[in-house]
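Take the sequence shown: its position 112, counted from the start at 1, is 112 in full-length UniProt numbering, and no numbers get skipped.
Each residue gets a CB set at the ideal place from its N, CA and C atoms; glycine is no exception.
Written out below as structure tokens is the structure these notes cover.
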Amino acid sequence: MSELFPTFARFFGRSDLPAWPWSRWTSTPWWPADTLASKQQGLLRILSAGLAERLELAPLVESFAKEHRGRYRRRLYRLAQRLNTGTPLPDALEQTPGTLSDEQSLAVRFGMQSGTIAEVFDGLTDQSDQTIRQVGHRLRQIGAYMTLLGVFLLLVLSFLVVKIFPQFHAILRDFYLEGTESFHLLNRIANLAIQLTPLLIVVLLLGVWLTRAKWPRRFFRRHVVTRLFKPIRQLRSGSLLNLLAIAHQAGRPLPGTLSTLARYHYDSWVRQRLLFVRNEVEQGANLWQSLATARLLSPAESRALQHTTTTDSTVWTLRHLADWKESRVAQRLDAYLDALLPCVVLLMAAAVLFVALATMTPLYQLIEMLG
1 MSELFPTFAR FFGRSDLPAW PWSRWTSTPW WPADTLASKQ QGLLRILSAG LAERLELAPL
61 VESFAKEHRG RYRRRLYRLA QRLNTGTPLP DALEQTPGTL SDEQSLAVRF GMQSGTIAEV
121 FDGLTDQSDQ TIRQVGHRLR QIGAYMTLLG VFLLLVLSFL VVKIFPQFHA ILRDFYLEGT
181 ESFHLLNRIA NLAIQLTPLL IVVLLLGVWL TRAKWPRRFF RRHVVTRLFK PIRQLRSGSL
241 LNLLAIAHQA GRPLPGTLST LARYHYDSWV RQRLLFVRNE VEQGANLWQS LATARLLSPA
301 ESRALQHTTT TDSTVWTLRH LADWKESRVA QRLDAYLDAL LPCVVLLMAA AVLFVALATM
361 TPLYQLIEML G
């Protein structure tokens, strides 16, 4: 293993030196800089090389785990243990969610059962998932911007409510002034927030748990998101077309391919429609027309595929439709994010302006009365 992975060698290449039980002396930094998508791409390449060279996958995965820390290392160790016990690779991946994405795990099972695993791995390692990764990166940037400004605004409001506003109330009472509407409105909002603080803390903790815990995220990803967001349906439809193109190019019958996808697809919305399409095809219906009826293809896409006459033209059409769907979704999501950021900035600016008005108008009222 040290010949295949020289970076796993202990201190300066000497494996005979003692090490602390909790340290592996690897090149892994204490603070991992890789994203989950890049880690999953690395595992895909490890598995692809291992299957191509007919190597044992469990030692490869275990060695790869030593190059990571935290949750992903534990996932890889569990995957290696399952492979060591003889669990087939697709089952081991599904029993260890998070080692690969749902789409990648489905593609691996599809490739193993259809005999196209080499082509599947070539497609997966070439895929960069730029659409989802860029959207996630921009959403994290917007979330970080909102969090930082929100914390700063909360600190300023806390200082105003605790220190400044009581003094304002005393001064206004001394001069028989009522104060401005914005000043009283901000006071009411602050008092309401103080009363609802326990509920807000519970909601915040629940939100953190929902975004960090594995089960809620997996449930949302597999049962909810496709029903709510049309762009996600388009992306998963494009992934489905890519798998159909691989099977059709390899000469596999498409009804059998649909049966595999309908049985193992991770998304419940897609799986139900694939089951419908499979039943329709078994009764003699046209495949592409059935996919359009199930809303996995548009009528125009279905007509384009029905007019293909050769295997090469069908494969070419499937792949270009998949690429077109992904590029269209990317453009639409970019437009949504371009509109979201100004809305967030305007919302924060309105909050700052409201706090400034609520703070400065009593001073202006007092100065005007004294003048």
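Practice task
Measure the CB-CB distance between Gln-328 and Gln-234 and report whether it falls below 8 angstroms.
Solution key: Here residue 328 is taken as the residue at index 328 of the sequence shown, counted from 1. Here residue 234 is taken as the residue at index 234 of the sequence shown, counted from 1. A small fix is needed here, since residue 328 is Arg in this sequence, not Gln. Contact: yes.
Exercise for the section: May I ask you to verify whether the stretch 156-171 touches the stretch 274-291, counting CB pairs closer than 8 angstroms and requiring at least 3? Expected result: Taking a cut-off of 8 angstroms on C-beta distances, the stretch 156-171 does not touch the stretch 274-291, as fewer than three cross pairs fall below it.
Problem - CB contact flag (Leu-261, Phe-110, <8 angstroms) - result: In the sequence shown, counting from the first residue as 1, residue 261 sits at position 261. In the sequence shown, counting from the first residue as 1, residue 110 sits at position 110. Yes.
Exercise for the section: Let me know the secondary structure DSSP gives Leu-100 once reduced to three states. Expected result: The residue given as residue 100 occupies position 100 in the sequence shown. In this structure, Leu-100 counts as coil in the three-state DSSP scheme.
Practice task
Please list, in chain order, all residues of the same chain as Arg-73 whose beta carbon is under 6 angstroms from its beta carbon, the five residues on each side excluded.
Solution key: As a position in the sequence shown, residue 73 is number 73, starting the count at 1. Correct list, in chain order: Ala-65.
Exercise for the section: Would you mind stating whether Arg-78 and Thr-96 have Cβ atoms separated by less than 8 angstroms? Expected result: One-based indexing of the sequence shown puts residue 78 at position 78. One-based indexing of the sequence shown puts residue 96 at position 96. Closer than 8 angstroms, so yes.
Problem - Environment of Ile-194 [buried if 16+ CB atoms lie within 10 Å] - result: Residue numbering aside, residue 194 sits at position 194 when the sequence shown is read from its first letter. The residue is exposed, with fewer than 16 neighbouring Cβ atoms inside 10 Å.
Handout entry: Whole-Å CB distance - Leu-185 paired with Ala-358, under 8 angstroms assumed
Key = As a first step, residue 185 is located in the sequence shown; it is residue number 185 there, counting from the start. As a first step, residue 358 is located in the sequence shown; it is residue number 358 there, counting from the start. About 7 angstroms; that satisfies the 8 angstroms criterion.
Handout entry: Start and end residues, alpha helix (DSSP H) containing Ser-298
Key = Your numbering for residue 298 matches position 298 in the sequence shown. Here Ser-298 belongs to no alpha helix (DSSP H), and DSSP marks it neither H nor E.
Practice task
Could you check if Arg-236 is buried or exposed, using at least 16 other CB atoms within 10 Å of its CB as the buried criterion?
Solution key: By 1-based counting over the sequence shown, the position of residue 236 is 236. When all chains shown are included, Arg-236 counts as buried.
Exercise for the section: Work out the CA separation of Phe-219 and Arg-227 for me, nearest whole Å. Expected result: For the purposes of this step, residue 227 is taken as residue 227 along the sequence shown, with counting starting at 1. For the purposes of this step, residue 219 is taken as residue 219 along the sequence shown, with counting starting at 1. If you take the alpha carbons of Arg-227 and Phe-219, they lie about 12 angstroms apart.
Handout entry: Closest by C-alpha distance to Pro-59, when choosing among Ala-247, Gln-81, Glu-94, Arg-332
Key = As a first step, residue 59 must be located in the sequence shown, where it is residue number 59. It is Gln-81.
Problem - Nearest-angstrom Cβ-Cβ length linking Ala-92 and Leu-83, presumed shorter than 8 angstroms - result: Taking the first residue of the sequence shown as position 1, residue 92 is located at position 92. Taking the first residue of the sequence shown as position 1, residue 83 is located at position 83. Contact flag correct, Cβ pair sits at about 5 angstroms.
Practice task
Pull up the distance between the alpha-carbon of Leu-297 and that of Ala-356, whole angstroms please.
Solution key: What you label residue 297 is simply residue 297 of the sequence shown in a count that begins at 1. What you label residue 356 is simply residue 356 of the sequence shown in a count that begins at 1. Cα to Cα, Leu-297 sits roughly 53 angstroms from Ala-356.
Exercise for the section: Look at the Cβ atom of Ala-247, then the Cβ atom of Leu-241, and state whether they are nearer than 8 angstroms. Expected result: What you label residue 247 is simply residue 247 of the sequence shown in a count that begins at 1. What you label residue 241 is simply residue 241 of the sequence shown in a count that begins at 1. No, Cβ-Cβ distance for Ala-247 and Leu-241 is not below 8 angstroms.
Practice task
Give the C-beta separation of Lys-325 and Gly-256 to the nearest angstrom, bearing in mind that I take them to be a contact with Cβ-Cβ under 8 angstroms.
Solution key: Translated into the one-based positions of the sequence shown, residue 325 becomes position 325. Translated into the one-based positions of the sequence shown, residue 256 becomes position 256. Contact flag wrong, Cβ pair sits at about 24 angstroms.
Handout entry: Lys-214, DSSP secondary structure in three states
Key = Position 214 of the sequence shown, counting from 1, holds the residue named residue 214. Reduced to three states, the DSSP call for Lys-214 is helix.
Problem - Inter-residue Cα distance where the pair is Leu-124 and Leu-346 - result: Your numbering for residue 124 matches position 124 in the sequence shown. Your numbering for residue 346 matches position 346 in the sequence shown. Computed Cα separation, rounded: 40 angstroms.
Practice task
Identify the continuous alpha helix (DSSP H) that holds Ile-164 and give its terminal residues.
Solution key: One-based indexing of the sequence shown puts residue 164 at position 164. Looking at the DSSP string, Ile-164 is not in any alpha helix (DSSP H), and its letter there is neither H nor E.
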